[in-house]
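Presented below is the structure to which this report refers.
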Amino acid sequence: MDKDRCPHVLFFPVPSQGHVNPMIKLAELLALTGFRITFLNSHHNHERLLKFTNMTAHFARYPGFELRAITDGLPLDHPRSGAWFLKMYEEATEMKIKQSLRDMLVNMSTPVDYMIVDGFLGFALDVARELGIPIVYFRTSSPCSFWAYYFIPDMIQAGELPIKGSEDMDRFITTVPGMETYLRCRDLPSLCRATDKEDAYMKLIVKHTRKSPQADALILNTAEELDGAILSQIRTKCPNVYAIGPINAQLNNRLNAKHGESHDHFSNTLWEEDRSCISWLDKQRNRSVVYVSFGSIMSMKREELIEIWYGLVNSKSKFLFVVRPNSVIGKDGEGEDVVKELFDKTKDQGYIVDWAPQEAVLNHAAVGGFLTHSGWNSTLESIIAGVPMICWPYFSDQQLNSRVVSEVWEIGLDMKDVCNRKMVEEMVNDVMVDRKEKFAKSAAEMAKLINESVNVGGSSYSNLDRLIEDIRGMSS
Ligand code: UDP
159 MDKDRCPHVL FFPVPSQGHV NPMIKLAELL ALTGFRITFL NSHHNHERLL
209 KFTNMTAHFA RYPGFELRAI TDGLPLDHPR SGAWFLKMYE EATEMKIKQS
259 LRDMLVNMST PVDYMIVDGF LGFALDVARE LGIPIVYFRT SSPCSFWAYY
309 FIPDMIQAGE LPIKGSEDMD RFITTVPGME TYLRCRDLPS LCRATDKEDA
359 YMKLIVKHTR KSPQADALIL NTAEELDGAI LSQIRTKCPN VYAIGPINAQ
409 LNNRLNAKHG ESHDHFSNTL WEEDRSCISW LDKQRNRSVV YVSFGSIMSM
459 KREELIEIWY GLVNSKSKFL FVVRPNSVIG KDGEGEDVVK ELFDKTKDQG
509 YIVDWAPQEA VLNHAAVGGF LTHSGWNSTL ESIIAGVPMI CWPYFSDQQL
559 NSRVVSEVWE IGLDMKDVCN RKMVEEMVND VMVDRKEKFA KSAAEMAKLI
609 NESVNVGGSS YSNLDRLIED IRGMSS
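Read in order, the letters of the sequence shown correspond to residues 159 to 634 in my numbering.
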């Protein structure tokens, strides 16, 4: 490569909100250093980002930042609801995406020097190796889940999996190094609940996870101070790990340093944000509101929503509730109807939106607790904002994240596998009233520590600098 040419890095996330978010933030961080970026979104997400965000204008400020669309293998009119993205892994679909990626790379006018690809897009490794491009995997979910996924074959071999029914859920797992003191069957990522050890989804995740050491390095959205113990375990399999998170905080810091506090943020959102909730929060007392949101994928049953709703109402705490369109399972919008009906009854206590500006909400002084599904991005955003969590994990890595939040970091409570109004009321009261100061103190201490990691000289800050230098080195 011409030594005066800046490195050209290609990003390729799995097309869901929780994967695109940290990836596009890292892309912006590299663009800030002057790198040329090509960011691939699925056609479907590309259109939605164009519709709901100022994406084109925002990234136009970085010369050489190109947003491109690529197929996710499905027809454009596919509804893409629920866990639709599993379809991407069907062999024919995967081949289609792989071919498109290859064609795109071969035909780029400026060759790509380095690829940062979602750790769940294993086929990209084959393409990178064929074309001789260095490739790093970015696993956007939690490091602890990565580690648990890695050991699924060992758990099966040791007879610890499959789980033998509901009475077996509190058994401790001993084959995942570093987690022996807190990992129970019920805390394993949800796919481990499959009764069949040949479960297709489980095999798929194991395949992608076990492939990770073949990449040139692994990027994780965490800080050494948060996940140090698990990171040292992961490094025994993947020696070159860049722990550069929380990426949202890292980006905010570097943008502040460059442009001052008034820089504009790119709110990478696949739904239209309802900012009216910020005006509502402005009218509430400090740390008096529970923010309730279950992320971008999960759909809940009508009965679960009703239990959560009444638990909140009975707790007497104020609450801000995100109910994503079509996220309540029920025939012909009957799920959404119940939301409106309940909201009308409790207008004085609660506020409801389709989609919130989550980071701004969590950083608002009125918010004192977060009832969350424990998605990894939501968990990190809550940690950085110093907001204690009540975790109601639904699937994927969330079961494990909630355990770590409650047992290891002690910055929240874990409500997993239970959803009744009494439990919701008790946990909300515990975090918002009874042990309010205790939880607020531990969350504030954790926020301080993790915010320091993304400041100049902090661990995540230095790890990102190392990544930048390594990309320069590998691209020259
Ligand atoms: N999010 C948001 N507004 C909402 C709900 C969620 O902006 O009303 C964002 C949230 O800030 C997070 C992402 O959506 O960055 C959800 O990612 P997470 O990993 O928490 O969960 P997933 O959606 O992958 O289950």
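Virtual Cβ for every residue (Gly too), placed ideally from N, Cα, C.
Hey, is residue i close to the ligand UDP, as in C-beta under 8 Å from one of its heavy atoms?
i	result
I455	yes
P515	yes
G508	no
T380	no
R206	no
D239	According to the sequence provided, residue 239 is Ser. The question's Asp does not apply to it. The answer is no for S239.
R433	no
A176	Correcting the residue type first, residue 176 is Gly in the shown sequence and not Ala. Yes, Cβ of G176 sits closer than 8 Å to a heavy atom of the ligand UDP.
H531	yes
S348	no
R593	no
S618	no
W429	yes
W438	no
S370	no
E462	no
N535	yes
E186	no
S560	no
R297	no
Taking C-beta to C-beta, are residue i and residue j nearer than 9 Å?
i	j	result
P404	A387	no
L362	F304	no
E325	I331	no
E540	A598	The question names Glu, yet the displayed sequence has Ser at residue 540. For S540 and A598, no; Cβs fall outside 9 Å.
F424	E186	yes
P165	D271	yes
V566	Y340	yes
Y220	N411	no
W429	P483	yes
C549	I466	no
A524	D440	yes
L188	I626	yes
G533	V448	no
M573	M581	yes
I569	M585	no
Going by CA-CA distance only, name the one from the options that's closest to residue i.
i	options	result
L463	S485, V448 and T191	S485
N613	L346, Q557, I402 and H166	I402
P173	V270, D276 and F223	D276
V334	L234, P301 and G323	P301
G544	Q557, V563 and P551	V563
L111	D328, V399 and K395	Residue 111 lies beyond the stretch modelled for the chain, which goes from 159 to 634, so this question has no answer here.
A635	H366, R344, F223 and S239	Within the shown structure, residues of the chain are numbered from 159 to 634, placing residue 635 beyond reach of any answer.
K416	Y359, G176, G192 and F170	G192
M632	H202, L198, I291 and A215	I291
M181	P371, F296 and R194	F296
List the endpoints of the continuous beta strand (DSSP E) containing residue i.
i	result
L187	Where L187 is concerned, there is no enclosing beta strand (DSSP E), although the alpha helix (DSSP H) it sits in stretches over Q175 to L190.
K209	That residue, K209, is in no beta strand (DSSP E); its alpha helix (DSSP H) goes H201 to F210.
Y272	Y272 to D276
T530	V525 to T530
F296	I293 to R297
F281	Unbroken run through F281 is the alpha helix (DSSP H), F281 to L289; no beta strand (DSSP E).
S434	First-last for S434: S434 to D440, but that is the alpha helix (DSSP H), not the beta strand (DSSP E).
Just to confirm the assignment, what range does the alpha helix (DSSP H) spanning residue i have?
i	result
M360	A358 to K369
E308	In the sequence under discussion, the amino acid at residue 308 is Tyr, which differs from the Glu named in the question. First-last of the alpha helix (DSSP H) with Y308: P301 to Y308.
R412	I405 to H417
E462	R460 to S473
R630	S617 to S633
R226	First-last for R226: F223 to I228, but that is the beta strand (DSSP E), not the alpha helix (DSSP H).
V264	E249 to V264
Could you have a look at residue i and say whether DSSP puts it in helix, strand or coil?
i	result
M159	A caution first: M159 carries a pLDDT of 49, below 50, which makes its placement in the model unreliable, though a value can still be read off. The answer is coil: DSSP assigns M159 none of H, G, I, E or B.
V576	coil
D512	coil
E610	helix
G570	strand
C549	strand
F169	strand
I321	coil
R194	strand
F479	strand
V334	coil
S600	helix
E595	helix
R351	helix
C164	coil
Any beta carbon from chain B within less than 9 Å of residue i's own beta carbon?
i	result
A524	Among the chains in the structure shown there is no chain B, since it carries only a single protein chain.
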